[in-house]
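S.K.: Can you keep this structure in mind? I'll have questions shortly.
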């Protein structure tokens, strides 16, 4: 994986995003397995994800490529959208529409989360984000 030297603010954003994705709250809330998190980042290795997570916890800079940063950015937007559609203070109810099977023809009976994981491409992230914005 080719990674270039990045601006300090970019590496800080990467560190915070990886820490967020690996945090207990999100893992539990979104029911994310280790395999799910690896897929969401573009099928990174377990070793790489573990390295990034450890670096994030230690407050060290993390260098990610643009695609992984875009994936993390969209996931954060999805999280924010779920908070917006949830009844006040009940994020779990908002998350339900992300984690539970969906009969919308876009998803063919799988949850939006599974749709992203199954397809694995950036377009699937954007499809889910647009769906959440319009519902």
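In our numbering, the protein residues as written are 4 to 138. By construction, the Cβ of each residue, glycine as well, lies at the ideal position given by its N, Cα and C atoms.
Taking the alpha helix (DSSP H) that residue 113 belongs to, which residues open and close that run?
M.R.: For this step, residue 113 is matched to residue 110 along the chain shown. Where residue 113 is concerned, there is no enclosing alpha helix (DSSP H), given that its DSSP letter is neither H nor E.
S.K.: State the Cα-Cα distance for the pair residue 123 and residue 77, rounded to the nearest angstrom.
M.R.: Locating residue 123 in the chain shown gives position 120, where the first residue counts as 1. Locating residue 77 in the chain shown gives position 74, where the first residue counts as 1. Straight-line Cα distance between these residues: approximately 13 Å.
S.K.: Looking at the secondary structure, which residues open and close the alpha helix (DSSP H) in which residue 97 lies?
M.R.: Taking the chain shown and counting its residues from 1, the one referred to as residue 97 is at position 94. Counting along the chain, the alpha helix (DSSP H) containing residue 97 begins and ends at 94-102.
S.K.: Going straight from the alpha carbon of residue 132 to that of residue 81, what length do you get?
M.R.: Locating residue 132 in the chain shown gives position 129, where the first residue counts as 1. Locating residue 81 in the chain shown gives position 78, where the first residue counts as 1. It is roughly 6 Å from the alpha-carbon of residue 132 to the alpha-carbon of residue 81.
S.K.: So residue 85 is in the alpha helix (DSSP H); what residue range does that whole segment cover?
M.R.: Along the chain shown, one-based indexing puts residue 85 at 82. It spans 69-88 - the alpha helix (DSSP H) in which residue 85 sits, taken as one unbroken run.
S.K.: Determine the contact status of residue 118 and residue 33, defining contact as a CB-CB distance below 8 Å.
M.R.: Taking the chain shown and counting its residues from 1, one reaches residue 118 at position 115. Taking the chain shown and counting its residues from 1, one reaches residue 33 at position 30. No, they are not a contact pair.
S.K.: What residue range does the alpha helix (DSSP H) around residue 58 cover?
M.R.: Against the chain shown, residue 58 aligns to sequence position 55. Start and end: 49-60.
S.K.: Our contact map puts residue 65 next to residue 58 with C-beta atoms below 8 Å; I'd like the distance itself, whole angstroms only.
M.R.: On the chain shown, position 62 is the one that residue 65 refers to. On the chain shown, position 55 is the one that residue 58 refers to. Indeed, because the Cβ distance is near 5 Å, the residues count as touching under 8 Å.
S.K.: For residue 25, which residues in the same chain have their Cβ closer than 6 Å to its Cβ, ignoring the five residues on either side in sequence?
M.R.: Start at 1 with the first residue of the chain shown, and residue 25 comes out as number 22. Apart from sequence neighbours up to five positions away, the residues of its chain that approach residue 25 with a beta-carbon distance below 6 Å are 56, ordered along the chain.
S.K.: If you check the beta carbons only, do residue 35 and residue 44 fall under 8 Å apart?
M.R.: The residue given as residue 35 occupies position 32 in the chain shown. The residue given as residue 44 occupies position 41 in the chain shown. Taking 8 Å as the Cβ cut-off, residue 35 and residue 44 do not qualify as a contacting pair.
S.K.: Using the Cα positions of residue 109 and residue 54, report the straight-line distance between them to the nearest angstrom.
M.R.: Here residue 109 corresponds to residue number 106 of the chain shown, with the count starting at 1. Here residue 54 corresponds to residue number 51 of the chain shown, with the count starting at 1. C-alpha of residue 109 to C-alpha of residue 54: approximately 35 Å in a straight line.
S.K.: Compute the distance between the beta-carbons of residue 104 and residue 113, then report whether it is under 8 Å.
M.R.: Mapped onto the chain shown, residue 104 falls at position 101. Mapped onto the chain shown, residue 113 falls at position 110. For residue 104 and residue 113, yes; Cβs fall inside 8 Å.
S.K.: Using only the alpha-carbon positions, how far apart do residue 135 and residue 90 sit?
M.R.: Here residue 135 is taken as the residue at index 132 of the chain shown, counted from 1. Here residue 90 is taken as the residue at index 87 of the chain shown, counted from 1. Going from the Cα of residue 135 to the Cα of residue 90 covers about 15 Å.
S.K.: For a quick check, are the C-beta atoms of residue 22 and residue 60 less than 8 Å apart?
M.R.: On the chain shown, position 19 is the one that residue 22 refers to. On the chain shown, position 57 is the one that residue 60 refers to. In this structure, residue 60 lies closer than 8 Å to residue 22 by Cβ.
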